[in-house]
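If you're matching positions, the sequence shown starts at 8 in this note's numbering and goes up one per residue.
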Amino acid sequence: MSGENLPRLKRALPDGTGPVQAAAPVRPVPRVRIVHIGLGAFHRSHQAWYTQQADTDGAWGIAAFTVRSPQAAQELAAQDGLYTLVERSANGDTFELMSQIVQAHDGADLGTFRHLVAAPTTAVVTLTITEAGYHLGADNALNAEDPAVQADIAALGGLLSDQPPSSAPAAPHTPIGRLLVGLAARRDADAGPLAVVSCDNLADNAAAARSAVLGLAEAVQPELAQWIGGNVSFVGTSVDRITPRTTPADLAVVQSTCGYVDNAAVVTEPFRSWVLSGNFPAGRPRWEDAGATFVEYLEPFENRKLWLLNGAHSLLSYAGQLRGAHTVAEALADPACAAWVEELWDEAERALPDAGLDIPAYRQALLDRFANARIAHHLAQIASDATTKLRTRAVAVLRSERAAGRSGQGAARMIAAWVAFLRAGQRPQDPAEAAITAALQLDGDEQLRALLRLIDSGLAGDDDVVQLVESLATGLGGEAADFRAGTPAAAAAGSRQTPLVEQPNASRPLKGMQ
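Shown next as structure tokens:
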């Protein structure tokens, strides 16, 4: 890859005195037909990669918007949307110039967002807003009690009103609220139907997106909900590509290898998977040409990924940190953590259908991917949004095991590790942060039941489950104390006897991080 073909990716001078401007690109700029919400590392390594491979005629450019911080958009816009995708395997790195994101915007730029969604050329809106971005309750309906949802309902009431506002209306802050503004503009412009594609780790994420969007629309403007029901297709997906946070060291590797300065580079694993199910009324790229799979029934593929890959990640994120690990590879090298993962996978495999999923091969591939120490997937980065994640990664497996007369200990340990992590003083970002804090003020049985209630009310009312989770959490809490004290139990795990410390910033992932 040559710096001469990179606009605004700055070519580093050989003497290290500074960068110079590079020349114009060779590839024509694709026209925008996809709007994305959740501009982060995962989107850039996954949907943008698939789109670039499939878009041979430059017809499917992406305009991407952040959810919270504008930083990713600012960095990418300064490089005309160009960035380097580094595929990092155990054997080395490969580098690919990505140019499919042709616009990068702060999510607060509601005017530009509204204009792009309303454009008749726009055919697809994709989402990587994390599980918490949908603001769903335990019943998978929009949580109308959520303060962020209530604030958006008030803001949208002013924005979508037919009456002239007495003052400038407030803007919505949730990604679903912003999406609703765009869909209202599309309706008003009579721009036709389009597809909304959820790329987040939620069981039946198409239904989750539909529930969130229609729930908010019904609360604000029922006629808009009716229009959405007839004109917006909600497409479900199962997405998979481990994409850790980019570090300064990663940026330095790009500069030294490629010869230019790239502040928006992304590091990912070679493995990738995208399974989709649903209709695209305004068209779509031929993602299947890049290896994506289209199926009629998505649920088995979703559950395989949620319960095996994501479930193991959640288990390791809490249990691994309690035992002194910092990355997925470190945690998997711990024999205790590895055994717990296998136990969880045995339970999940029993809950999955046999046909077409090839679970043994999938498990082996996961072990190989997790063990890739060159992909530093930090456990603190995975630990956020537990109340939403555990609901989809642990509860169904636990219920399936107990319905079959088994304990469900593997899935229960995932929940117990989170409880022990909280009791150890750790506070990863979570949409139910206030409720978690309140629960931790309680004592004994009531504390655990209050925490379980945030995940699934049925579990909180099951005495046997409560007893099982308490027993597992107590054991994990004792191990955490051993590691903090540097006892022989810690030394048995080797070099990972690092004291457990609060890392409030490290626990907040980039938008779109899976």
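Think of the CB as a built atom: it goes at the ideal place given N, C-alpha and C, for glycine as much as any other residue.
Residue range of the alpha helix (DSSP H) that includes residue i
i: S168; result: That residue, S168, is in no alpha helix (DSSP H); it is neither H nor E in DSSP.
i: I443; result: E440 to L447
i: W601; result: Absent from the structure is residue 601, since the part of the chain shown begins at 8 and ends at 521.
i: H142; result: Unbroken run through H142: none, as it is neither H nor E.
i: R194; result: P182 to D195
i: G68; result: Segment G68 to F72 is the beta strand (DSSP E) holding G68; no alpha helix (DSSP H) there.
i: E94; result: From DSSP, E94 is part of no alpha helix (DSSP H) but of the beta strand (DSSP E) over Y90 to S96.
i: V124; result: L117 to A125
i: V260; result: P255 to C265
i: R252; result: Neither: R252 is in no alpha helix (DSSP H) and is coded neither H nor E.
i: Q78; result: Q78 to A84
Residue i versus residue j - alpha carbon distance
i: P176; j: D113; result: 19 Å
i: R460; j: L466; result: 7 Å
i: G501; j: L483; result: Here G501 scores only 39 on pLDDT, less than 50, and its place in the model is too uncertain to base an answer on.
i: V132; j: N212; result: 14 Å
i: V227; j: R40; result: 28 Å
i: K312; j: F49; result: 16 Å
i: G65; j: Q107; result: 9 Å
i: Q157; j: G412; result: 42 Å
i: S391; j: D375; result: 24 Å
i: V261; j: Q81; result: 19 Å
i: D193; j: S414; result: Per the sequence presented here, residue 193 reads as Arg, with Asp not at that position. About 51 Å.
i: Q474; j: L223; result: 38 Å
i: V74; j: G236; result: 25 Å
i: A427; j: T481; result: 7 Å
i: W347; j: E306; result: 25 Å
i: Q233; j: H43; result: 23 Å
i: H333; j: R434; result: 16 Å
i: S245; j: A214; result: 13 Å
i: Q416; j: D450; result: 24 Å
i: T254; j: E230; result: 47 Å
i: A319; j: N270; result: 31 Å
i: V27; j: D87; result: Because V27 sits at a pLDDT of 41, beneath the cut-off of 50, its placement in the model cannot be relied upon, and the following sentence gives the value as read from the coordinates. When rounded, the distance between both Cα atoms is 15 Å.
i: Y267; j: P35; result: 21 Å
i: S464; j: G144; result: 11 Å
Whether residue i touches residue j by CB criterion (9 Å)
i: V93; j: D257; result: yes
i: E350; j: S96; result: no
i: A130; j: A289; result: yes
i: P179; j: A162; result: yes
i: A115; j: A79; result: no
i: L283; j: V404; result: no
i: S52; j: T264; result: no
i: I462; j: V402; result: yes
i: L339; j: A424; result: no
i: L359; j: N310; result: yes
i: A446; j: Q454; result: yes
i: A345; j: A383; result: no
i: P292; j: T58; result: yes
i: A125; j: D195; result: yes
i: G285; j: S218; result: no
i: R409; j: D471; result: yes
i: A188; j: L167; result: First, the amino acid is wrong: residue 188 is Val here, not Ala. Yes, they are a contact pair.
i: G47; j: L134; result: no
i: R370; j: L315; result: yes
i: P109; j: P37; result: The amino acid at residue 109 is misidentified as Pro; the sequence shows Val. Taking 9 Å as the Cβ cut-off, V109 and P37 qualify as a contacting pair.
Range covered by the beta strand (DSSP E) that runs through residue i
i: T133; result: V131 to L134
i: A226; result: From DSSP, A226 is part of no beta strand (DSSP E) but of the alpha helix (DSSP H) over N212 to V227.
i: T2; result: This structure gives no information on residue 2, because the portion of the chain shown stretches from 8 to 521.
i: I462; result: Premise fails: I462 is in no beta strand (DSSP E) and is neither H nor E.
i: E103; result: G99 to M105
i: A202; result: L201 to S205
i: Q433; result: Segment: none, Q433 is in no beta strand (DSSP E) and carries neither H nor E.
i: T275; result: V273 to T275
Closest by C-alpha distance to residue i, when choosing among the options
i: I422; options: S321, F301 and M105; result: S321
i: E477; options: L458, D463 and S464; result: L458
i: L323; options: V42, E82, R193 and R420; result: R420
i: E356; options: G363, P367 and W347; result: P367
i: G331; options: A214, A387 and L117; result: A387
i: D199; options: R185, N98 and F287; result: Looking at the sequence itself, residue 199 is Gly, so the reference to Asp does not match. The candidate whose alpha carbon is nearest that of G199 is F287.
i: L149; options: V220, T137, T128 and P438; result: V220
i: T91; options: A84, D100, L104 and A85; result: L104
i: G184; options: A271, G164 and A410; result: G164
i: G118; options: F102, V302, G327 and F72; result: F72
i: H142; options: D207, D197 and A125; result: D207
i: Y325; options: A431, T395 and I44; result: A431
i: T399; options: G47, E152, A139 and E295; result: A139
i: W281; options: E295, V268, G47 and L201; result: E295
i: N238; options: A191, F278 and A272; result: A191
Can you check the region 293-367 for any alpha helix (DSSP H) of at least 4 residues that lies completely inside it and give the ranges in chain order? As far as the region 293-367 is concerned, its whole alpha helix (DSSP H) runs of at least 4 residues are 306-311, 318-329, 335-339 and 342-358.
Report the start-end ranges of each alpha helix (DSSP H) in the region 358-417 that is 4 residues or longer and not cut off at the edges. The qualifying runs are 366-377, 386-389, 393-400 and 402-410.
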